[in-house]
Amino acid sequence: MLLLTGVAGCSADEPRPQTSAPAVTSVAQLVLPFDAYKTTPEQQAILGNAHNLLVVRCMRKKGVTIEPPAEDPATIAAVEPGNSRRYGVVDTEAARRYGYHLARPPSPDTTRSWAAKLPKPARHRLYGTAADRGCLDRAALALERGARKADWPWLALQDSLTLEQSAKHSSVTSAVQRWQSCMSQQGHSYPAPEAAIGDSRWDLEKSTVTEDEKQTATADTQCKWASGLVAAWYAADAALQRAVVRDNADRFAALRANLEQRLKRASSVLAAHEGGDVG
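Every letter in the sequence shown is one number past the one before it in numbering that gives the first Met the number 0, and letter 267, counting from 1, is 266.
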């Protein structure tokens, strides 16, 4: 069983990118093996709306009426960059508009925001205690009931480790050197992409995006593609993920079964609710 527990440089044993496959040339092509086991925005909305409905029912039994906002796939997709930021900023059009900042569409009304408006006794029933689970936990357990056990934190860890280890691949480090040369030719001297996005001139905590930031980020993305950095990093990352999937078939079968079973349960909960509305 392959477990990525650290990072290493290029070695004879490291998974090699598949050279026979054509190199990626666009953000839309950045689809990784682990993606097949992650929830899509549509699936997140199904799970979220079913969870909300179960929370509403649970709270109603406790004498509290709540109206959590519905989960919308489009809104979820808008606030999640997906793989478009996995290798730094690589979307040239987004860089022209937002620089190194994330696009800031209206954020979904999270549980934390609407729950904060509830009276303290209602929040207590919602969150519960270690000894007495609240409605949020009870609803989550209801969706999990009967589903095959799966280790989602393990997948998240492997997702981080393949990214970290692939950055050490010789093809990627060579591409970083080409990226550095490309950036220098455009008047931007940085040793690595991390230094460009981490430039103290950009305040990513604030909404203001300067023209200088936009120009630098645009050059950054163009150089990432021109140098082959995106293609090399993606290929190394994908090779590592394929190896993890291959060597941990049982774990991934459990992840897939767990998600499918939770989605089936969530869909049944929503279908049984007249009109399919959360409220």
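By construction, the Cβ of each residue, glycine as well, lies at the ideal position given by its N, Cα and C atoms. Here the structure is a predicted model, which is why all the values come from computation and not from measurement.
Hey, how far is the Cα of H100 from the Cα of V26? 17 Å
Could you check the C-alpha separation between E210 and A265 for me, to the nearest Å? 46 Å
Using the C-alpha atoms, what's the distance from R124 back to W201? 43 Å
Can you give me the C-alpha to C-alpha distance between S188 and N82, rounded to a whole angstrom? 26 Å
Mind checking which residues open and close the alpha helix (DSSP H) that includes D136? C134 to E143
Would A94 and T220 qualify as a contact pair, given that the criterion is a beta-carbon distance under 8 Å? yes
Backbone CA spacing between V89 and K148 [nearest angstrom]: 36 Å
Less than 6 Å between C-beta atoms, sequence neighbours within five positions excluded: which residues of the same chain meet that for E70? A44, G47 and N48
Host alpha helix (DSSP H) of R250 (start-end): A248 to A271
With DSSP as the reference, identify every bridge partner of G127, one or two as the case may be. R132
To the nearest angstrom, how far is the alpha carbon of E193 from that of A22? If you draw a straight line from the Cα of E193 to the Cα of A22, it is about 23 Å long.
Going by alpha carbons, who is nearest to G133 out of T24, P120 and S206? P120
Please name the residue in A216, M182, M58 and P40 whose C-alpha comes closest to that of P72. Relative to P72, the option among A216, M182, M58 and P40 whose CA is nearest is P40.
Where R85 falls: helix, strand or coil (DSSP): Under the three-state reduction of DSSP, R85 is assigned to strand.
Can you check whether the CB of A114 is closer than 8 Å to the CB of R122? yes
Looking at L154 and L254, is the spacing between their C-beta atoms short of 8 Å? yes
Using the C-alpha atoms, what's the distance from G197 back to Q179? 15 Å
Under 8 Å between the Cβ atoms of W224 and Y86? no
G47: first and last residue of the uninterrupted alpha helix (DSSP H) it sits in: P40 to K60
Q164 versus S112: straight-line alpha-carbon distance, rounded: So the two alpha carbons sit approximately 36 Å from each other.
Within the continuous alpha helix (DSSP H) that includes P72, where are the two ends? P72 to V78
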